[in-house]
Amino acid sequence: MTAHPPRLKFVSSNRRVREDRRFVVGQGRYVADIVVDEMLHVAIVPSQHPAARIVSIDTSQALTMPGVVYALTGEELAKAVDPLMNGLDTPKVRRYPLAVGQVRYAGEWVVAVVAESRAQAEDAIEKVRIEYEPLPYVIDAEEAITAASAKVHPEHGTNVLLDRTFVWGEVDRHFAESPRHLKFQVKWGRNSTVPIETFGVVAKWDPWREMLDVWASIQMPKYPDQISRALRIPANNVRVHHDVDVGGSYGVKRGIKQTVLVSHLSRIIGRPVRLIEDRLENMRAGDAHGPERLFDVEVAFNDRGIVKSMKMRALDNVGAYAGRSPFQLGKPIGAIVGPYKIESVQYRAIATLSNKAAQEAVRGFGQSPTNYAIETAIDKVAGALGLDRIEVRRRNFIRSDEFPYLIPSGTHYDSGDYHTVVDKVLRHADYDALVRERDALRASGMMAGIGIAACLEPSGGNSSFEPLLNEKNTTTTWMDSCRINIDGVGFVTVAIHTTSSGQGHETLAATVVGEVLEIDPDKIRIVRPDSLASLPSNTPVGSRMAIMMGGACYHAAQKLKSKLTQIAAHQFGVAENDAVYAQGNVTDPRSGKTLSWIDLVNIGHRQYHALPPGMDPGLETTHVMQVPTATKLPEDGRVQMYPCHSFEFHLVLVAFDPEIAKPQIRRYVIGHDCGTVINPHIVKGMTLGGIAHGLGATLLEEFVYDDEGQILTQTFMDYLLPSSHEMPDVEIVHHCTPSPFTVFGQKGSGESGYLGAPAAISGAINDAVSSLGISFSRLPIRIAAISDAIAAADKIKKG
Amino acid sequence: MKPAPFEYVRPGSIAEACELLAADEDARVISGGQTLVPMLAMRLARPARLVDIYRLPELNGIRIDGDVLAIGATTRQVQVERSAAAQQALPLLARALPWVGHPPTRNRGTVGGSVAHADPSAEIPLVAVTLAAEIEITNPDGVSTMPADDFFIGPMLTAVMPGDCVTAVRFPIWRHARVGTGFHEVSARQSDFAFVAAAAQIALDDNGQCIEAALGIGGVGDRAVRLDVSGLIGGRPDKTAIVELVRDASQVLEATSDLHASADYRMRVAVTLGVRALEDAFRDAQGGAQ
Amino acid sequence: MKLDIGGSETIPAPVDALWVALNDPAVLIRCIPGCKSMTETSPDAYKVEMQLRVAAVGGSFEGAISLSDKDAPKSCNIQVSGSGSLGHGNGTARFDLEPEGDGTKLTYKGNGEIGGLVAGVGQRILMSVSKHLIGRFFVALRKEFEASASKGVA
Amino acid sequence: MKVSLNVNGRTREAEVEPRKTLLDTLREDLSLVGSHAGCEHGVCGACTILLDGEPVRSCLMFAAQADGYAITTIEGLAPAPGELSVLQDAFCETHGMQCGYCTPGMILAAQALLQRVTEPSREDIVDAISGNICRCTGYGQIVEAIELAAERLRQVNMPRSSANADNAPAAPHGDRS
């Protein structure tokens, strides 16, 4: 299936990103910009308790407030809709958009009030009286999985949603045979992507046409299906508009509960209803929270630092409902050994409920915390042996001649050249000089450290983790699609079937189609039909658009090129293979005859008599693409996960004053290999943005709950996103190892920064404090925590 | 996040503003709104009436009044930042201002607003306390002043009574030939609330002896605190002496803990930054003579 | 979040008079900052409505106050719970009265738990606001007796 | 109450509640939806507009307070339909955005800087946009865009030379001081 064009004209060139033009003039069309006549607005009454029985709800006073139209309780809603989809087979963990009978976390949505304006709805929610009977609650994951803990869903019987141990390879033997072992614990704090746009949705039910129109800030696979199921209406009554710009997602724009809520309200009130989460609603109970994971890792290695085997226990605190989050323990199985030749792995994945907000998908879908744990392990192996951290990585890396490489958990890695990327980075950074700089900083009284992280970005997402963790799920495809049409005047329109959330899909599609058809991509129109007019798509989750949408566009364009060539060959009286397509025209080299684009358009659209026998008229082609390499259900706990694996190598110099302890990133170099780059601007932006996101996770960002189950980070004054001041200049070193499984050799590139930066930055801080005999094992590493630990260590030294 | 309803009034004079405030205990002053509006949006604050003093001409402006730099309450922070007179007369405030919020909030935020809201980590109140500024308060009875130290009580709490309106901040100008300043702050991000901020001002005589010294610490506890560093006066203290003095003086601080920083951290760093601010101020004063 | 309070105040009143005052809703309405009404729901239990205002911060609350373990006129426990737009809170405190000179030393110690909006966005101000409110309570309580004392003289 | 606002050179009237922010008024009453609500408490900067040439948070002021100023929104920057300003074009050239949500505020913050400072240093740029949070880009290409625009504007302005802060149109509104 690989067909690398000999020479790429548009792919990999520094073309402008076409979406940008509308954004710089303020003409993006976000969901909050959409105005539907007669639209009503929703505000939400949040739970103030981490766990409580709802004794009574009195909305009577609220209903008398100006502009108020309706007040909906969970009990009423639950009678009219089905529970939201639950990925795991845990039927008693039921989730509705509003709490039913009981609240399970502080901030949970309890009552929705609908009014003529958002301000009026907010006035009215203050008048809703709810009587609660507080119940025991559990916040900590280790406590939650004990038998004695308070149960978040008593009917489920336990807080454990998933507890599965996989053993891939001869772990016991490898541990027994290895001369050295070490174990450690690290914790990944509950952070997320927190886009600047919250989730928003407008729903309009038309009872006469039996049509639910939905405009939403959405990036969710199978979104219309889930709405239809929950609302118990036919899926072809749900029309999701894809021409809505999404103000950032990176996984979190799921919006099912929000959409079911407003859709139901529109259905019963008979007017369009809109919910744009405000920041408080979003931070407390939007789909805003990501993994919160505790790792216990044990590795077996030899005196040369070769890691033979690893045992990993990952305990994820997924919050009060199942959501999609437990699957975030599944995806890392596809790269469970990172870029290393670890021969066997024991992996215990535990997802536990707790009285915190439900987690949703976040950039990397669980890979980022796991990568942090793996890289920490490699650092610790080097530390235990007194070996150089880079050398230990080199010794363990899969070599470029070993691809495709089968890892113990069943995935083949497609391609890579890790050693070369590392060499390039070290050369670019002048590593020896960097070490000297660190040592000079130390000599001047600063704490300084170098951080190193390698990481793999599995890309081209499929859903193999679903059947792996839930046997009732037999999904083996996560297709994506493209349709191309040449109109009667000769202009090209490409239909793609996702919303825009910053990844430049329109640019990608135009570039790929332009490349294949050899026409100017800027002349190609890209459209996003609504979901009823769309071909199947699984959205940009799983770093998959370059591979899957790019692939679908490529194949659809190839089909179209072939059709044009066949039409011309028929006129020339030659076989298709003997006619030559170039820049939209087709030539018969032997006769020297040429048919121009316009000639071919004329035939395709108007001259049925000239078409090859049996060919359908019109110039339209469609391709629905299967994820490369993904074909089978799991066997014996092993499965081929994502097809492609980008590689990145992060090198960081961090310095800080020992007392103030505010880490300053002095140098940040990343080696980046995502195969063939389709648009360099986009890949660069993804890389830098991912690093900023990873920096946030390492130093600043966390959804914090206090011991009483209250969320302390409800605003941007306490949940801290990196600003331009915190972000260092990043130097990117490119390398290209094409994937053999994709049309141009491209791989995914949206997650790498977030995957590697936490390990690299925390590694640098740990290097800086290593002489004090301390290290930090919990993210985020706050300034005060560093300083306090240094002060304590100094005290012990002095004492 | 929409505020609860309120009435909006824009009085034509400060006298009228004070009458409005005195007549209605649910009325609040609004000026630049950079602190108040977020509280309104979250409905933490819910006045029935906002009395907008932002455009009262008599409240805006920076003027030197003998040995005092008087900054009108509605003077925008950016105006002070760009004022040559303020930079010259009040170098400590000039050093602190870039730490106040970020450029867009300084464009609208006022000096009086920052003082009236009394955030414990706010820089302008810290400078006011450090330099023993006086807060000018106008009410229907007239104009009075109050030492900054008495004015600030705790977070969001000041000695302002119903009917009172902060109308100016009067910062003393040090007229010595050799004045130096130092300002240090640490926060999670540069524009965030300070965990600790330290402001210092020193005056030296021609022989390099310290003749006046002030040090204030903000962010550590409920309010900015002026530390007693009079021990510096009359000497030419070295680093060890400064460290000891600040360490002793900082005993009066009471630190709070929150999710971002521990009380221990705040206490330790208060000393560290206090020392650094003083050292900078000495260096600055010495350099100023050359 | 948890909130611990504690302290002692000297009130210019004999123990018995103070005890009576502290059990008198009319006095409490005057002394509890922002208290708008107190309705007895059962012996020693009241429904209260409050309109809190501390500098820019303000909100209305509905709640309940009850007294228990009374050992007149020496000590009692007080339970408070309430909720409103800013959040909810509940707490218990113990009061001990002992004579001190002409007046009474009132010692209090208690803890509470606060949830909702203020727990999340108001942490930085909560402790100090609660101290301030307690302060206002005692100022008002002292005034009660100063007022009655001056009345007595007249 | 009725407010009269001067937005992008036009006088616009709206009937609003006193509690309505300038942001919501621009978006809902004047159909200028390029200014975005991100946090609504003054931290993210997505709602940035220019008030007499200076960037401010439109979520932190009420429409009732906004009369008498020259308000510029992102819709007021493009010189003609289909034509980008130098700064907007530079953002496109370096791809200084991804999802585009923070972009209008970011561009207006940069616009104010370039009006005041013709040769901004990297630090000037970083500081000028430090109150505008971008979750997508990591800021690198935004800083590049502003550097590029500054350079191009200098070239455009070369013959006239020395355009500096003192005669830039965006001086603070002295009429009110």
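Chains as they are written, first to last, in this note's numbering: chain F, 1 to 799; chain U, 800 to 1089; chain A, 1090 to 1243; chain G, 1244 to 1420. Beta carbons are placed, not taken as given, at the ideal position from N, Cα and C, and that holds for glycine. Note that this is a predicted model, so its numbers are computed, not measured.
Verify whether the separation of the beta carbon atoms of residue i and residue j is less than 9 angstroms.
i, j, result
"LEU212/F", "ARG239/F", "yes"
"GLU515/F", "LEU560/F", "no"
"LEU353/F", "HIS681/F", "no"
"ILE790/F", "LEU699/F", "no"
"GLY251/F", "ILE196/F", "no"
"GLN1008/U", "GLY1034/U", "yes"
"GLU1283/G", "ASP278/F", "yes"
"PRO837/U", "GLY1285/G", "yes"
"GLY550/F", "PHE744/F", "yes"
"PHE703/F", "ILE691/F", "no"
Among residues of its own chain, excluding the 5 on either side of residue i, which ones have a beta-carbon nearer than 6 angstroms to its beta-carbon?
i, result
"THR2/F", "Since pLDDT at THR2/F reaches only 42, below the 50 mark, its modelled position is unreliable, and no value is offered."
"VAL171/F", "SER309, SER344, GLN346"
"ILE786/F", "ALA661"
"SER400/F", "ASP417"
Given that residue i touches chain A, what residues does it touch there, using C-beta distances under 8 angstroms?
i, result
"MET838/U", "ALA1145, VAL1146"
List the residues of chain F that residue i touches, going by C-beta distances under 8 angstroms, in chain order.
i, result
"GLU1283/G", "ASP278, ARG279"
"GLY1389/G", "According to the sequence provided, residue 1389/G is Ile. The question's Gly does not apply to it. Those do not exist, as ILE1389/G stays about 10 angstroms from chain F at its closest Cβ, beyond 8 angstroms."
"GLY1096/A", "Residues of chain F passing the Cβ test: none, with the nearest at roughly 23 angstroms."
Excluding five sequence neighbours on each side, which residues of the same chain lie with their C-beta closer than 7 angstroms to the C-beta of residue i?
i, result
"SER266/F", "ALA203, LYS204, TRP205, PRO272, VAL273"
"THR259/F", "VAL201, ALA203, VAL214, ALA216, ILE227"
"ASP520/F", "GLY514"
"ARG104/F", "ALA51, VAL152, ALA320, ASN355"
"MET545/F", "GLN503, HIS505, LEU508"
For residue i, which residues from the same chain have a beta carbon less than 8 angstroms from its beta carbon, with the 5 sequence-adjacent residues on both sides left out?
i, result
"PRO1101/A", "ASP1191, GLY1192, ARG1231, PHE1234, GLU1235, ALA1238"
"GLU1053/U", "VAL1019, GLY1020, ASP1021"
Helix, strand or coil for residue i, going by three-state DSSP, please let me know.
i, result
"TYR137/F", "coil"
"ARG1365/G", "helix"
"ILE1121/A", "coil"
"TYR70/F", "strand"
"ASP1267/G", "helix"
"VAL11/F", "coil"
"ALA1411/G", "Note that ALA1411/G has pLDDT 41, beneath the 50 cutoff, so the model's placement of it is unreliable and the number below is only indicative. Three-state result, ALA1411/G: coil."
"ARG590/F", "coil"
"VAL1028/U", "coil"
Can you list the residues of chain F that residue i reaches, using a CB-CB cut of under 9 angstroms?
i, result
"LEU1327/G", "ARG21, VAL24, VAL25"
Could you tell me which chain G residues have their CB closer than 7 angstroms to the CB of residue i, listed as they occur along the chain?
i, result
"ILE196/F", "GLY1281, CYS1287, ALA1289, TYR1344, CYS1345, ILE1376, ARG1378"
At 7 angstroms on the CB atoms, spell out the chain A contacts of residue i, in chain order.
i, result
"ILE106/F", "For the record, residue 106/F in the displayed sequence is Ala; it is not Ile. Result: GLY1204."
Going along chain D in order, which residues have a C-beta closer than 7 angstroms to the C-beta of residue i?
i, result
"VAL1369/G", "The structure shown contains no chain D; its protein chains are F, U, A and G."
What does residue i reach in chain U if we use C-beta pairs closer than 8 angstroms?
i, result
"GLU1258/G", "Within chain U, no residue comes near GLU1258/G; the closest Cβ sits about 14 angstroms away, beyond 8 angstroms."
By the criterion of Cβ-Cβ separation under 9 angstroms, what are the contact partners of residue i in chain A?
i, result
"THR957/U", "ALA1144"
"VAL1057/U", "Per the sequence shown, residue 1057/U should be read as Asp rather than Val. Chain A residues near ASP1057/U: GLN1212, ARG1213."
Count the CB pairs spanning the stretch 117-130 of chain F and the stretch 50-67 of chain F that are closer than 8 angstroms, and state whether there are at least three. yes
Below 8 angstroms, can you find three or more Cβ-Cβ pairs linking the stretch 1142-1152 of chain A to the stretch 1059-1075 of chain U? no
Are at least three pairs of beta-carbons, each pair with one atom in the stretch 616-635 of chain F and one in the stretch 431-451 of chain F, less than 8 angstroms apart? no
Pairs of beta-carbons, one from the stretch 1195-1211 of chain A and one from the stretch 1117-1129 of chain A, closer than 8 angstroms: are there three or more? no
Just checking, does the stretch 445-465 of chain F make contact with the stretch 745-759 of chain F on the three C-beta pairs under 8 angstroms criterion? yes
Counting Cβ pairs closer than 8 angstroms, one from the stretch 824-833 of chain U and one from the stretch 901-909 of chain U, do we hit at least three? yes
Any 3 or more C-beta pairs closer than 8 angstroms across the stretch 1334-1344 of chain G and the stretch 1379-1393 of chain G: yes
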